[in-house]
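Notes follow once the structure below has been shown.
Number of protein chains: 2
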Amino acid sequence: MHFSSEHITIFLLSIAMMLLFAKVFGELFTLIKQPAIIGEIIAGIILGPTIFGTIFPDSYNYIFNHSEQVNIALNGFITLSVVLLLLISGLEVDLAVVLSHGKKAIYTSFFSLIIPFSLGFLISYYFPNLFGIVESNSNLIFPLFMGAALSISALPVIAKVLMDLKIFKSEVGFIIISSAMLNDLAAWLIFSLLLGSISNSSGSVSFSTTITLTLIFIGFSLTIGKKIFNSIIPFLQDNISYPGGILNFILILGLFSSAFTEFIGIHSIFGAFIIGIAIGDSVHLKEQTREIVHQFVSNIFGPIFAVSIGLKINFIASFNLQTILIILFLGYLVKIFGAGIGSYFSGLKKNESLAIGFGMSARGEMGIILSILALEVGIINEEVFVALVIMALVTSITSAPFMKFFLKEKDKLKLDNLLKEKFIFFSTATTKEEVIFELASVAAKEMNLDKDFVFSQIMEREEILPTGIANFLALPHAKIEIKEPFIALAITKNGIDFEANDNNLSRIIILLLTPSNQNEIQLELLSKIAKTFENIEFSKKLITAKTQTEILKMIRKS
Amino acid sequence: MHFSSEHITIFLLSIAMMLLFAKVFGELFTLIKQPAIIGEIIAGIILGPTIFGTIFPDSYNYIFNHSEQVNIALNGFITLSVVLLLLISGLEVDLAVVLSHGKKAIYTSFFSLIIPFSLGFLISYYFPNLFGIVESNSNLIFPLFMGAALSISALPVIAKVLMDLKIFKSEVGFIIISSAMLNDLAAWLIFSLLLGSISNSSGSVSFSTTITLTLIFIGFSLTIGKKIFNSIIPFLQDNISYPGGILNFILILGLFSSAFTEFIGIHSIFGAFIIGIAIGDSVHLKEQTREIVHQFVSNIFGPIFAVSIGLKINFIASFNLQTILIILFLGYLVKIFGAGIGSYFSGLKKNESLAIGFGMSARGEMGIILSILALEVGIINEEVFVALVIMALVTSITSAPFMKFFLKEKDKLKLDNLLKEKFIFFSTATTKEEVIFELASVAAKEMNLDKDFVFSQIMEREEILPTGIANFLALPHAKIEIKEPFIALAITKNGIDFEANDNNLSRIIILLLTPSNQNEIQLELLSKIAKTFENIEFSKKLITAKTQTEILKMIRKS
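Sequences listed follow chains W and D, in order.
When you number the first sequence by our numbering, it's gap-free, plus one each residue, and the end is 560.
When you number the second sequence by our numbering, it's gap-free, plus one each residue, and the end is 560.
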């Protein structure tokens with residue numbers, strides 16, 4: 003069986019088409035602030051049997067269903083792509099983060115895993131007909147799979163959403179990320195063992211050997227292996243060609259591990275994922291290296307995989323509304339319930355818990371990869387597959403808006419919500435130090451802090467770079483160990499020199515204190531305040547105000 | 003025919019092995035200052051039937067000759083790798099450079115193409131038995147191929163060698179590069195048409211159509227296509243995700259073009275190469291973009307291809323010393339003769355012409371890709387293939403040492419070769435200006451330049467950054483329009499303040515003038531001079547010297 007010139011033509015053409023569609027839709031989705039991968043998956047559905055294959059069946063078959071040779075070559079390339087995709091997902095997992103966030107992370111992780119898994123398992127075990135499965139097969143494969151599919155989270159999508167919402171480094175962000183990591187790890191493990199138990203096609207080892215070797219592999223990779231990488235990586239980064247050398251090192255390890263796990267009877271991507279975690283945990287791995295590997299994989303292998311999903315199946319022909327709605331409902335329910343309960347019990351507020359629940363409901367590419375493998379080995383039928391893909395897409399798209407809605411923090415970040423009458427005062431101060439001390443005293447009283455300490459923190463920042471803006475506004479600020487942002491406002495009778503851009507003396511002095519670990523919030527509030535005062539007429543009016551109430555009203559109306 | 007779990011295991015394992023060996027040997031060769039690709043090719047010979055396959059035939063067959071499925075999947079991946087490799091080779095071609103270097107480049111390009119091609123053609127036509135071909139086949143295929151194989155140059159390898167020798171931007175460097183570009187373009191064109199004429203396996207179009215479409219494709223790509231890319235690229239670089247967007251744009255275009263050329267009956271890699279030229283010619287393509295594409299391809303696809311060469315064949319079994327020696331001899335002869343004559347006629351010196359001849363003899367991966375394709379379609383047998391690969395390797399390895407040998411410039415870049423007695427004098431100057439004017443006068447007289455002009459050039463540099471080094475040495479320097487570096491030395495009776503690092507006044511004032519287009523030479527000479535004086539005892543001794551002869555002797559011995 004020869005790989006002829008015609009096969010080469012079609013092979014190259016199909017990859018070119020896949021990349022082209024992936025890129026166009028990926029960019030479009032980036033424009034509307036959605037993860038590119040969602041656009042890429044939709045590109046695949048358009049390019050696949052669902053749309054292109056239905057409208058132009060001949061062209062579709064010529065390009066994407068040409069011959070066994072081309073199919074195998076494409077299959078090989080797609081396999082490689084998924085392996086590399088899981089490798090970089092693994093790199094993003096940082097097990098230390100889970101532990102470092104103590105009770106809250108552990109509670110949330112645990113419940114967001116156990117509840118979806120149990121609910122998924124029980125519902126599919128007792129009501130298989132909900133998923134269009136009529137014959138009562140007594141085995142546990144399908145229920146176990148549904149448990150795993152519902153308990154997985156899409157770490158890459160979730161990370162992207164958190165970054166977009168600027169809460170990646172907030173407490174809620176950390177809890178979501180660490181729970182998602184643990185969910186992924188556990189769900190993959192369960193699923194890989196499941197696959198191992200049913201697909202004996204490699205036939206090389208028995209199931210008990212598979213389990214033993216898997217546990218040894220995980221144990222070794224995440225302890226001794228991790229330590230070895232951690233000591234080799236700095237050497238490689240310094241002594242072989244950079245970035246080529248380290249990139250290759252990571253790819254080679256990923257490929258060997260995936261070949262190994264495939265050989266012992268669990269799926270190749272599990273090996274890539276675990277070794278990714280082991281490598282990514284190294285404190286010596288430069289951020290730049292991580293970024294390069296990421297760019298490398300996500301610019302060709304990622305899109306190729308994403309598009310290939312849609313090529314598998316006709317989504318319209320296998321579209322079963324009932325199955326979709328049930329799985330979609332379950333998809334939200336189990337995570338909101340599981341992750342939400344976990345975080346609520348751990349002491350988070352109700353709205354935060356709901357936000358975490360919706361955030362973790364995003365299944366993204368992780369859920370889809372699981373579904374593809376399950377479809378391939380016959381655990382699920384095409385209708386359930388379509389429903390799972392749609393559930394993964396919908397939950398991923400909705401996670402950001404829902405989180406935004408529940409995290410009222412975002413709305414709280416408004417000047418008029420933070421500023422209260424008691425934090426507004428009229429001052430006769432004549433120097434920077436004087437007025438800042440008055441403001442610091444108000445803040446210190448409110449938050450039970452030492453006022454000299456608060457004062458020194460603000461002055462330290464002020465001395466580096468004076469905070470006079472323009473239009474009579476000065477904006478002294480500091481990051482300190484507090485939970486919520488704090489704003490106080492002084493109207494001074496005398497102008498004070500804060501070295502404003504327009505050389506005017508400042509009359510409206512607003513103090514902004516923000517939690518020390520939340521850089522984005524400080525920046526956002528600073529820019530909001532500056533924006534409020536960008537019109538000089540507003541400043542002039544504010545200065546003439548006679549009472550705190552009047553000032554607050556003006557700011558609310560602005 | 004299913005791509006089973008076992009196939010996946012072997013597919014991933016074989017890629018991991020290929021990358022691992024490629025990386026190890028590539029790094030080793032980088033260490034000994036050879037292009038990585040040579041190490042990667044040797045890694046393939048070790049991993050292939052020649053060594054690994056002979057010693058452990060079972061393991062070899064299990065990994066690299068496992069089943070049709072794995073072979074096809076690997077084949078697809080390797081095809082993709084070669085296409086991308088040619089794409090980046092095309093990006094490196096800058097047709098404008100050829101024209102901008104006028105007569106010299108055009109002469110050299112022309113002769114370095116026409117002589118190797120004619121000699122290769124004639125010798126293989128009249129003496130096919132030299133290559134072990136006994137049956138007298140009247141057709142022209144083999145002679146035409148040998149013409150193309152001998153006239154090609156390895157642009158990537160040559161560029162690397164020139165950079166290592168620090169003459170990439172010298173006149174000789176430009177001539178070599180521009181000739182290599184033209185050679186590559188022409189040789190690929192000839193060979194692609196040759197392939198088109200014999201392999202009608204795609205069967206889609208007739209040979210005359212192939213020629214017509216090829217010419218249209220080249221014409222279109224290098225004129226209208228080039229203009230279109232040139233205007234699209236800035237838009238893409240600014241408006242879509244960077245670098246992912248532009249990287250994908252280049253890859254997608256490359257893949258479509260290669261599919262197109264494969265379809266019309268010439269090889270896929272020709273399309274990638276031509277479109278690479280068209281894209282690379284865009285003045286708007288950022289250097290960073292070029293670098294990223296390069297990194298992307300050369301870190302996984304490049305090594306995979308390089309290793310795959312050795313996997314094709316047992317180099318020892320097909321080792322025919324006579325064939326190898328003849329092809330090696332021809333490989334050197336035709337290029338030294340062709341490129342050498344061309345550059346000599348164009349007015350370059352004999353040693354420079356010889357250097358160009360040896361430089362252009364490097365066939366690198368280009369010659370090998372040609373040979374692989376020729377082997378696959380049966381134009382050459384395995385013995386000729388092995389000989390061509392060895393010729394490509396040997397000419398690539400030797401090009402740097404030979405060039406170094408003939409470009410005596412490198413040896414001339416020694417202090418004691420440049421410094422002559424008549425350029426050494428004792429001065430009673432007391433100021434910077436005075437001594438620099440004396441030095442400038444010596445230089446101006448020697449080179450027939452205006453001394454005020456030379457003085458002002460040196461002072462301009464001096465005023466930006468004083469050139470006092472340490473150990474009584476000052477090193478005023480300038481780049482001006484001269485052909486050869488110039489050095490003059492003054493020993494001053496009085497110390498002069500050149501603001502040296504050790505705060506000592508300077509007594510040894512060395513003037514260095516270098517050709518204005520040769521940055522590397524200036525840097526090299528500056529560092530050599532500074533190094534000569536890094537021991538203060540040497541400076542002290544030199545200051546006590548009584549005669550020019552004594553000074554020169556001391557410097558020679560240093």
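A virtual CB, placed ideally from N, CA and C, is assigned to each residue, including glycine.
Contact between the stretch 244 to 259 of chain W and the stretch 267 to 277 of chain W is present: 3 or more CB-CB pairs across the two stretches fall below 8 Å. In terms of Cβ geometry, D:A394 and D:N322 do not form a close pair [threshold 8 Å]. A distance below 6 Å between beta-carbons, with the five flanking residues on each side excluded, links D:L377 to the following residues of its chain, in chain order: F387. In this structure, W:I358 keeps its C-beta atom at 8 Å or more from the C-beta atom of W:I557. Against chain D, a Cβ distance below 9 Å from W:G278 picks out nothing, because the smallest value is about 15 Å. DSSP, reduced to helix, strand and coil, places W:F535 outside both helices and strands of the structure shown, so it counts as coil. Comparing alpha-carbon positions, the option among D:V299, D:M183 and D:H4 lying closest to D:A364 turns out to be D:M183. The C-beta distance from W:S83 to W:F307 rounds to 4 Å, short enough to fall under 8 Å. Interface criterion met: the Cβ of D:V85 is under 8 Å from a Cβ in chain W. If the five residues before and after W:I438 are omitted, its C-beta is found closer than 6 Å to the C-beta atoms of I460 and P478, all from its own chain and listed in chain order. When the alpha-carbon of W:G470 is set against those of W:E483, W:I493, W:L525 and W:F500, the nearest one is in W:F500.
Chain-order list of chain W residues neighbouring D:Q71: I74, by C-beta distance under 7 Å. Taking D:N316 as the centre and dropping the five residues before and after it, the same chain places the C-beta of P51 and T52 closer than 6 Å to its C-beta, in chain order.
Taken in chain order, the members of the stretch 236 to 249 of chain W whose beta-carbon sits within less than 8 Å of a beta-carbon on chain D are I242, S243, P245, G246, G247 and L249. The residues Q239, in chain order, have a CB closer than 7 Å to that of W:K288 in the same chain once the five nearest residues on each side in sequence are set aside. Taking a C-beta cut-off of 7 Å against chain D, the contacting residues of the stretch 18 to 34 of chain W are A18, L21, L22, K25, E29 and T32, listed in chain order. For D:E264, the chain W residues whose C-beta falls within less than 8 Å of its own C-beta are S7, I10, T11 and L14, listed in chain order.
W:N519 has a beta carbon lying at 8 Å or more from every beta carbon in chain D. Residue state for D:P468 is assigned as coil, using DSSP reduced to three classes. Judged by DSSP secondary structure, W:A490 falls within the beta strand (DSSP E) whose first and last residues are F488 to I498.
The Cβ-Cβ distance between D:I143 and D:I381 falls below 8 Å. For D:F408, the nearest beta carbon of chain W is not closer than 8 Å to its own beta carbon. Ranked by Cα distance from D:I230, the first of D:S120, D:T263, D:I242 and D:H286 is D:H286.
Annotation for W:M20: I306 and V309 place their beta carbon closer than 6 Å to its own, counting only its chain and skipping 5 residues before and after. D:Q324 sits exposed, since fewer than 16 C-beta atoms from the chains shown fall within 10 Å of its C-beta. Annotated as proximal: W:F347 and W:Y109, with beta-carbon spacing under 8 Å.
According to the DSSP assignment, D:F176 belongs to the alpha helix (DSSP H) that extends over E173 to I200. In the DSSP assignment, D:F439 falls within the unbroken alpha helix (DSSP H) covering K434 to M449. 8 Å or more divides the Cβ of W:I498 from the Cβ of W:L491. Ranked by how close their Cα comes to the Cα of W:D418, the residues W:T291, W:I531, W:G273 and W:E483 have W:I531 in first place. The three-state secondary structure of W:P517, taken from DSSP, is strand. Uninterrupted alpha helix (DSSP H) stretches at least 4 residues long and entirely within the stretch 22 to 100 of chain D occur at 38 to 49, 54 to 57, 59 to 66 and 70 to 94, given in chain order. Proximity of the stretch 43 to 63 of chain D to the stretch 21 to 32 of chain D meets the contact definition, three or more beta-carbon pairs being nearer than 8 Å.
Taking a cut-off of 8 Å for Cβ pairs, the stretch 537 to 555 of chain D and the stretch 506 to 522 of chain D touch, as three or more such pairs fall below it. A distance of 8 Å or more separates the beta carbons of D:G304 and D:F113. In this structure, D:A480 sits away from D:A502, with a CB-CB distance that is not shorter than 8 Å.
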